[in-house]
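Q: Just so you know, the protein sequences line up as chains A and B, in that order. At position 116 of the first sequence (counting the first as 1) the number is 157 in the working numbering, and the numbers step up by one without a gap. At position 478 of the second sequence (counting the first as 1) the number is 487 in the working numbering, and the numbers step up by one without a gap. One structure follows; several queries about it will come next.
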Amino acid sequence: MVQYVLRRIFLTPITLFAVFTIVFLVMRVAPGDPATVILGSFASEEALQAVRRTMGLDKPLYLQYVESLSGLLRGDLGRSMITNASVAYQIRKALPYTLDLMVAGTFFSLLFGIPFGILTALKRNQFWDYFGRSVSLAGLSTPSFLLGLLGLWALSIKIPLFPSLGGGEIGNLLSRVHHLFLPSLTLGLIQASFISRMTRSSLLNILQEDYIRTARAKGLNKRIVILRHAFRNCLIPIVTLVGLYVGILIADSVLIEVVFNRPGIGKLMVGSVKNRDYIMVQSIMTVYAAMVVFINLITDLTYGFFDPRVKYR
Amino acid sequence: MKERWRKNLVYLGLVAAIALLATTLPPETYGARKQELRIAFDAGDTMGFDPHKQAPPDMDAFVNATIYRGLVRFKPGDTHPDKIEPDMAESWDVSKDRLVWTFKIRKGIQWHKGFGEFTAQDAEYSLRRSMDPTKCFAARNYEAVKEVKTLDRYTLQINLKQPVPSLLGLLTNYHGGMMVCSRALEKYDKDYPLNPIGTGPFMFESYEPQQKTVLARHDQYFRGKPILEKIVVRYMTDLTTREFAIQKGDVDVTQGLREQQWVEKMSPYKDITVDVFGPGEMVSIFLNQSKKPLDDVRVRRAISHAINKDELMKMIGKDVTSPLKSVIPANYLGGIEKGLPEYDFNIEKAKKLLAEAGYPKGIDLEMVNTEMMVYWRPMEVIQEHLRKAGINLKINPVVHSAFHSLIRKDVNPIVMYICARFPVADIYLTQFFHSRSTIGTPTAVTNFSHYTSIDNLLDEARVSSRPDEQKRMWQEAQRKILEDAVAYPLYISKFVYGRKNYVDYGYKLDSTLIYAPEVFENTRLLD
């Protein structure tokens, strides 16, 4: 197993290097650069050239590439080309909020998704199945910002239970949770739709299996059969889904972050792309890629925990 | 087994109960009105508070205007250059030839956070920085300044190479005129944009990325201790969320949408007032005479005739627009109200002109436009108008940053541009219509039309020492622009902000150059 983990870790830099290179090239091909953004409607050719010189954008492309890359290899994420604020500082500030959202969102998605999935699988083709599947279809189809705005209107404006803006103070746990509830619930409910469908189809497959029939024939309690024997086996697809989803979640959460006015890595990424802040985009994307690779590794490792037959070579 | 189930359920129930309890915290209450102004802007984050490094977008212009002061200032709420009054300079002398200006600086002005007293030397340092094109985006404006000298601790002298239409305007707390502290720049260096130091009524306190910037009262402000204790600037890109926030009372002022429908949407809320104020931005289209078939003046005139300005203004909204007869507003220094060539809305005339120019079947044009709503909405309407006259205009949407880059690469036959400039005719006319500013040249600014015919008028007017002669020449220039149809002025788009009734700015908000309500030492929240 250790060999497996080490091998995976060694392959990571290749992925990150590829990501960095692609992002570097794509950003520079797109029209607009940080100088245009800084000067806005006041841009004149002279001013643009002067700003580009200050930013080092007049240097040949390969030189810029080598400089940025060597910075990253040293662990220096650089400074924003727009505000000069350190990229590491911005990521450090936004990361706790993103992690909060990821964890809480996943928690709610499992809390609602799995029971619903089990229910619709067991009551297949009966009322609860049709009801459950319609609800999950609605969840899949609803845009996250719409659900967010509805939740905001209902539970923050009409009935002032929750705050309408901000991420809360990181130091204050109560404030953090208070600001976290609505956005993570919104995210969780939508994600739950996917989880419930996956659980349902997984469970239905397993319930057909011979060993389930044997367990029931043995006289085992129905509840135990489902929860102990059947459910354990459908965890792998769910874990895979959650692992994949967590990777996409950072980018997906941008709309939620905009609606609830929460800071986050997703919003930071989108903002820096819009601002053509080359250095920020390069560094954040590389960090993001590293996070996704890491999460996928953890996901793969948990298979062994759920299914003892899995071996790591 | 049933035991375990019941126990698990009890645990789950307890957890849910605790979670629910934790979340039913009472919302923050503001009892007797705390003097803290919370304002929400349509922005994702700040671009930093170095006033010279970049042209500040609205939310940063707002903060800069509270942190920094200039030698002089506009009368609060009024942007007419004739009403400029003393600020950090208490008086000044001008030589007869208008080339030597000597300013007496008030004694006892304190920089924020113990950076000492503001002196003529500080002013000299700051102005030199504004004149440096590697440090200041507006350096071009100070071209005519030959020298800046400190005569003594409180006296500053500025020597000009030639007379300038409004030197005082260049010394207000707007763009290059904002005074920065040399010692702070040295101390903070690269970190300065997020550690600004000024002499204004409010100083920078803290910043949370993507969330807010907090300003605190500067007790030693030279006009007196400000009433407000804090200002919280929030970055909120979603309009609906900003509306919720102000309705709920989580913010006191919010940036609105510059359209009638938003004004009407806010009208049922009796505790919210919508302020619509100027000077607004001029919305105009520029016709590129270097791109066929717009090289023919008849085609350009046809385009002008095809546009129904009244309907356009009605669509955007009568409360949020003002008529614009010339490329600059009539109330700019050098503006003109009457005696301009006009292009009445007349589809038949447009078709006739096109036919005369050799295009009886109409013409096809293609342009890029930014998806930013303020630009997109009017261009959509114009597209329809032009279609009726046989002009088929294809519009390709792009992101705003890409837009500004592409139009400077001369890709468009028609360019829609929305901006305001310092309210003196020379600046706008030179940037948009002087041949030196033509797009694609090393000295390019924003002459999208590739116009060359008013260079003499502008050059002479700029250095003239007779204000009436200057005005005459600027007005003549504007007449020619319309005659040659190299641009078509559409309307003025005003600024729209919602505020709670208990916010008292302390002056009549008619017009501010920062695109947002300005906050002074006497701004307060009523009970």
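Note that the Cβ used here is the ideal one computed from N, Cα and C, for glycine as well. Here the structure is a predicted model, which is why all the values come from computation and not from measurement.
Using the DSSP secondary-structure output, state which residues sit across from residue 48 of chain B in a beta bridge.
A: Translated into positions along the second sequence, residue 48 of chain B becomes position 39. BP columns for residue 48 of chain B point to B:242 and B:262.
Q: Tell me whether the region 257-276 of chain B and the region 350-366 of chain B touch, counting them as touching only if at least three CB pairs, one residue from each stretch, are closer than 8 Å.
A: The region 257-276 of chain B vs the region 350-366 of chain B: no contact.
Q: Keeping to the same chain, check which residues put their C-beta closer than 8 Å to that of residue 106 of chain B; ignore five residues upstream and five downstream.
A: To locate residue 106 of chain B, count along the second sequence from 1; it is residue 97. The answer, listed in chain order, is 172 and 474.
Q: Taking beta-carbon pairs under 7 Å, can you tell me which members of the region 172-191 of chain A lie near chain B?
A: Flagged, chain order: 190.
Q: Using DSSP with H/G/I as helix, E/B as strand and the rest coil, what is residue 120 of chain B?
A: Start at 1 with the first residue of the second sequence, and residue 120 of chain B comes out as number 111. DSSP places residue 120 of chain B in coil when its eight states are reduced to three.
Q: At a CB-CB cut-off below 7 Å, which residues of chain E make contact with residue 309 of chain A?
A: The chain labelled as chain E is not found among the protein chains of the depicted structure, namely A and B.
Q: Three-state secondary structure (DSSP) at residue 124 of chain A?
A: Locating residue 124 of chain A in the first sequence gives position 83, where the first residue counts as 1. Of the three classes helix, strand and coil, the one that applies to residue 124 of chain A here is coil, per DSSP.
Q: So with CB distances below 8 Å, who are the chain B contacts of residue 304 of chain A?
A: The count along the first sequence starts at 1 and reaches residue 304 of chain A at position 263. The contacting residues are 217, 218, 219 and 220.
Q: Anything in the region 195-206 of chain B with a Cβ closer than 9 Å to a Cβ of chain A? List those residues in chain order, please.
A: Residues 199, 200, 201, 202 and 203.
Q: How many Å lie between residue 292 of chain B and residue 285 of chain A at the Cα?
A: Counting from one through the second sequence, the residue named residue 292 of chain B turns up at place 283. Counting from one through the first sequence, the residue named residue 285 of chain A turns up at place 244. Taking the straight line joining both Cα atoms gives about 47 Å.
Q: For residue 414 of chain B, decide whether its Cβ has a neighbour in chain A, counting only Cβ atoms nearer than 7 Å.
A: What you label residue 414 of chain B is simply residue 405 of the second sequence in a count that begins at 1. Yes, its Cβ sits closer than 7 Å to a Cβ of chain A.
Q: Once DSSP output is grouped into helix, strand and coil, what is the label at residue 516 of chain B?
A: Here the question's residue 516 of chain B lines up with position 507 in the second sequence. Three-state result, residue 516 of chain B: coil.
Q: Confirm, please, whether the CB-CB distance from residue 68 of chain B to residue 83 of chain B is below 7 Å.
A: Counting from 1 along the second sequence, the entry for residue 83 of chain B is found at position 74. Counting from 1 along the second sequence, the entry for residue 68 of chain B is found at position 59. Not in contact: residue 83 of chain B and residue 68 of chain B (Cβ atoms no closer than 7 Å).
Q: Which residues does DSSP list as the beta-bridge partners of residue 428 of chain B?
A: As a first step, residue 428 of chain B is located in the second sequence; it is residue number 419 there, counting from the start. Paired residues: B:291.
Q: At the 7 Å Cβ level, is residue 258 of chain B part of the contact set with chain A, yes or no?
A: Reading the second sequence from its first residue, position 249 is the one you call residue 258 of chain B. Not closer than 7 Å to any Cβ of chain A, the Cβ of residue 258 of chain B fails to qualify, so no.
Q: In chain order, which continuous runs of the alpha helix (DSSP H) of length 4 or greater are located wholly inside the region 278-317 of chain A?
A: Entirely contained in the region 278-317 of chain A, the alpha helix (DSSP H) runs reaching 4 residues are, in chain order, 295-301 and 306-315.
Q: Could you check which residue in B:476, B:418 and B:464 has the C-alpha nearest to that of residue 450 of chain B?
A: Indexing the second sequence from 1 puts residue 450 of chain B at position 441. Out of B:476, B:418 and B:464, B:418 has the C-alpha closest to the C-alpha of residue 450 of chain B.
Q: When the distance is taken between beta carbons, is residue 203 of chain A closer than 7 Å to residue 188 of chain A?
A: Along the first sequence, read from residue 1 onward, the residue named residue 188 of chain A stands at position 147. Along the first sequence, read from residue 1 onward, the residue named residue 203 of chain A stands at position 162. It is not a contact, given that the beta carbons lie outside the stated cut-off.
Q: Residue 270 of chain A and residue 258 of chain A: beta carbons closer than 7 Å?
A: On the first sequence, residue 270 of chain A is found 229 positions in, with the first residue counted as 1. On the first sequence, residue 258 of chain A is found 217 positions in, with the first residue counted as 1. Their beta carbons are not under 7 Å apart, which means residue 270 of chain A does not touch residue 258 of chain A by this criterion.
Q: List the residues of chain A that residue 149 of chain B touches, going by C-beta distances under 8 Å, in chain order.
A: As a working mapping, residue 149 of chain B is identified with position 140 in the second sequence. Near residue 149 of chain B (Cβ distances below 8 Å), the residues of chain A are 85, 87 and 88.
Q: Assign residue 101 of chain A to buried or exposed, taking buried as 16 or more other Cβ atoms, counted over all protein chains shown, within 10 Å of its Cβ.
A: Numbered from 1 along the first sequence, position 60 holds the residue referred to as residue 101 of chain A. Flag for residue 101 of chain A reads exposed.
Q: Identify the contact partners of residue 324 of chain A in chain B, using a Cβ-Cβ distance below 9 Å as the criterion.
A: Locating residue 324 of chain A in the first sequence gives position 283, counting from the first residue. By Cβ distance, chain B contributes nothing, its closest Cβ being about 14 Å from residue 324 of chain A, past 9 Å.
Q: Is the CB of residue 379 of chain B under 7 Å away from at least one CB in chain A?
A: Within the second sequence, the letter at position 370 stands for residue 379 of chain B. For residue 379 of chain B, the answer is no, since every Cβ of chain A falls outside 7 Å of its Cβ.
Q: So residue 211 of chain B packs on residue 227 of chain B, CB below 8 Å; how close in whole Å?
A: Here residue 211 of chain B refers to the residue found at position 202 when the second sequence is read from its first residue. Here residue 227 of chain B refers to the residue found at position 218 when the second sequence is read from its first residue. Going by Cβ atoms, the distance from residue 211 of chain B to residue 227 of chain B rounds to 6 Å, so yes, they are a contact pair.
Q: For the beta strand (DSSP E) that residue 166 of chain B lies in, which residues bound it at each end?
A: Residue mapping note: residue 166 of chain B aligns to position 157 of the second sequence, counting from 1. Residue 166 of chain B -> beta strand (DSSP E) spans 164-169.
Q: What number of angstroms, rounded off, separates the C-alpha of residue 38 of chain B from the C-alpha of residue 487 of chain B?
A: Locating residue 38 of chain B in the second sequence gives position 29, counting from the first residue. Locating residue 487 of chain B in the second sequence gives position 478, counting from the first residue. Caution applies to residue 38 of chain B, whose pLDDT of 47 falls short of 50 and renders its modelled position unreliable; the value that the coordinates give is listed next. Roughly 55 Å separates the two Cα atoms.
Q: Alpha carbon to alpha carbon, what distance is there between residue 150 of chain B and residue 462 of chain B?
A: Within the second sequence, the letter at position 453 stands for residue 462 of chain B. Within the second sequence, the letter at position 141 stands for residue 150 of chain B. Going by the C-alpha atoms only, they are around 22 Å apart.
Q: What does residue 113 of chain B pair with, by DSSP beta-bridge criteria?
A: Within the second sequence, the letter at position 104 stands for residue 113 of chain B. B:100 and B:164, per the DSSP bridge assignment.
Q: Closest by CA to residue 272 of chain B, which one among B:379, B:530, B:503 and B:208?
A: The residue given as residue 272 of chain B occupies position 263 in the second sequence. Here the closest residue by C-alpha is B:503.
Q: Helix, strand or coil: how does DSSP classify residue 331 of chain B here?
A: The residue given as residue 331 of chain B occupies position 322 in the second sequence. It is a strand residue.
Q: What does the alpha-carbon distance come out to for the pair residue 470 of chain B and residue 44 of chain B?
A: Locating residue 470 of chain B in the second sequence gives position 461, counting from the first residue. Locating residue 44 of chain B in the second sequence gives position 35, counting from the first residue. Whole-angstrom Cα-Cα distance: 48 Å.
Q: Hey, which unbroken runs of the alpha helix (DSSP H) at 4 residues or more fall wholly within the region 109-174 of chain A?
A: The qualifying runs are 128-163.
Q: Taking only heavy atoms of the ligand MG into account, decide whether any of them is closer than 6 Å to the Cβ of residue 326 of chain B.
A: Annotation note on the ligand MG: not contained in the displayed structure, which lists no ligands.
Q: Could you tell me the alpha carbon to alpha carbon distance between residue 218 of chain B and residue 139 of chain B, rounded to whole angstroms?
A: Residue 218 of chain B sits at position 209 when you count from the first residue of the second sequence. Residue 139 of chain B sits at position 130 when you count from the first residue of the second sequence. The straight-line gap from Cα to Cα measures roughly 28 Å.
Q: Return the residues of the region 140-162 of chain A that lie within a Cβ-Cβ distance of less than 7 Å from chain B, sorted by chain order.
A: Going along the region 140-162 of chain A in chain order, one finds no residue with a Cβ nearer than 7 Å to chain B.
Q: For residue 295 of chain B, go through chain A and note every residue whose CB falls closer than 9 Å to its CB, in chain order.
A: Walking along the second sequence from the start, residue 295 of chain B turns up at place 286. The contacting residues do not exist; residue 295 of chain B stays about 13 Å from chain A at best.
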